[in-house]
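The numbering of the sequence shown is the working numbering, which starts it at 36 and goes up by one.
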Amino acid sequence: MSLITCKFVRPDKLVYQGHVKSLILVTSEGELGVWPKHSPIICALGDGVVRLNLADEAGGGVLRVLVSGGYAEVHNDEVIVLADHARREDEIDLDRERADLAEAMADRDRFGADDVRRAHYDNTVRWCQQLIDYAESHKQGV
36 MSLITCKFVR
46 PDKLVYQGHV
56 KSLILVTSEG
66 ELGVWPKHSP
76 IICALGDGVV
86 RLNLADEAGG
96 GVLRVLVSGG
106 YAEVHNDEVI
116 VLADHARRED
126 EIDLDRERAD
136 LAEAMADRDR
146 FGADDVRRAH
156 YDNTVRWCQQ
166 LIDYAESHKQ
176 GV
């Protein structure tokens with residue numbers, strides 16, 4: 036069986052590296068399924084869940100990673116995912132996400148509506164809320 040070599044990173048951490056049977060990327064245009072021998076492509080990631088169908092050597096099953104922004108490149112049975120934000124489903128801590136959300140909202144509210152620094156905190160608020168919504172709907176970290 037052909038496999039795909041997958042390297043999944045965010046700015047501060049390697050999220051996953053290994054072989055997958057296939058994966059479903061969440062792009063800015065919708066979901067994109069990637070299987071061995073897929074045509075080369077570079078795509079922008081959206082907000083949602085990337086699903087990695089792990090190879091048997093990696094334990095099999097599906098690894099779900101929440102993402103927000105970034106890019107993915109598919110080329111020669113290799114996928115490189117460079118996510119702006121990424122968190123494995125099994126690493127979501129609902130209490131921590133709620134605390135991070137409250138902190139980001141407080142930091143954001145220190146700046147006026149016309150201050151460009153709010154954009155950073157707006158992005159952080161959106162990311163925290165995405166994690167919380169997912170965790171609450173999938174009973175993660177509860």
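Beta carbons are placed, not taken as given, at the ideal position from N, Cα and C, and that holds for glycine.
Remember, it's a predicted structure, so these values are computed and weren't measured experimentally.
Buried versus exposed, by CB contacts within 10 Å (16 or more), residue i
| i | result |
| --- | --- |
| A121 | buried |
| Q165 | buried |
| R45 | buried |
| G105 | buried |
Residue i CB to nearest heavy atom of the ligand FMN below 7 Å
| i | result |
| --- | --- |
| G81 | In the structure on display, the ligand FMN does not appear, and there are no ligands present to speak of. |
Residue i (DSSP reduced to helix, strand or coil)
| i | result |
| --- | --- |
| I115 | strand |
| R153 | helix |
| V177 | The pLDDT assigned to V177 is 44, lower than 50, so where the model puts this residue is not dependable, and the model offers no usable value. |
| I167 | helix |
| R122 | strand |
| A148 | coil |
Beta-carbon proximity list for residue i, same chain, < 6 Å, skipping 5 on both sides
| i | result |
| --- | --- |
| G179 | In this structure the chain extends from 36 to 177, so residue 179 is not present and cannot be described. |
| S37 | P71 |
| R99 | V84, R86, E124 |
Residue i, enclosing beta strand (DSSP E) - first and last residue
| i | result |
| --- | --- |
| D82 | 82-89 |
| R45 | 39-45 |
| R99 | 97-110 |
| S63 | S63 -> no beta strand (DSSP E), and no H or E assigned at all. |
Close Cβ partners of residue i (< 7 Å) along its chain, the five nearest in sequence each way excluded
| i | result |
| --- | --- |
| T62 | C78, A79, L80, G81 |
Run of the alpha helix (DSSP H) containing residue i, from where it starts to where it stops
| i | result |
| --- | --- |
| E138 | 129-143 |
Would you check if there are 3 or more beta carbon pairs closer than 8 Å linking the region 36-49 to the region 106-124? Yes, since at least three Cβ pairs between the region 36-49 and the region 106-124 fall closer than 8 Å, the two stretches touch.
The region 57-65 contacting the region 80-93, beta-carbon criterion three pairs below 8 Å: yes
Mind the definition here: the region 141-157 touches the region 64-78 only if three or more C-beta pairs lie below 8 Å; say whether that holds. Output reads no: the region 64-78 does not touch the region 141-157.
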